[in-house]
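A.B. asks: Residue numbers (UniProt numbering): 1 to 83.
1) Looking only at its own chain, which residues have a Cβ that is under 6 angstroms from the Cβ of residue 2, when we skip the five neighbours before and after it?
2) My assumption, with CB atoms under 8 angstroms, is that residue 53 sits in contact with residue 9. Please give the rounded CB distance.
3) Considering residue 27, what are the terminal residues of the beta strand (DSSP E) in which it resides?
4) Can you round the beta-carbon distance between residue 14 and residue 32 to whole angstroms, since I take them to be within the 8 angstroms contact cut?
5) Got a sec, what are the start and stop residues for the beta strand (DSSP E) residue 60 sits in?
6) Going along the chain, which residues of its own chain have a beta-carbon closer than 7 angstroms to the beta-carbon of residue 20, five neighbours each way excluded?
7) Where does the unbroken beta strand (DSSP E) through residue 2 begin, and where does it stop?
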């Protein structure tokens, strides 16, 4: 797992939500739009094999890197973030 030295802004292309199966309670909801990317990790579960850890001011989840369009692309190359 790699946590970025500085968070990176990205645009989430899809709305995401999860609901508890038994009681129907909302677990999280991410609207399509800008999110903060905190880091990334390798995971075969995601297309492309890389997942990003994202934050929307309320919740933190992981999504496939391909679901994001990076706004700050290349800004953090010195800190070790790679795109």
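Using N, Cα and C, we set each Cβ at its ideal position, and we do this for glycine too. In this text the structure is predicted, and so the values were computed from the model without any measurement.
C.D. replies: Result, derived from the coordinates:
1) 39 and 40
2) Going by Cβ atoms, the distance from residue 53 to residue 9 rounds to 14 angstroms, so no, they are not a contact pair.
3) 26 to 30
4) 6 angstroms
5) 60 to 64
6) 27
7) 2 to 12
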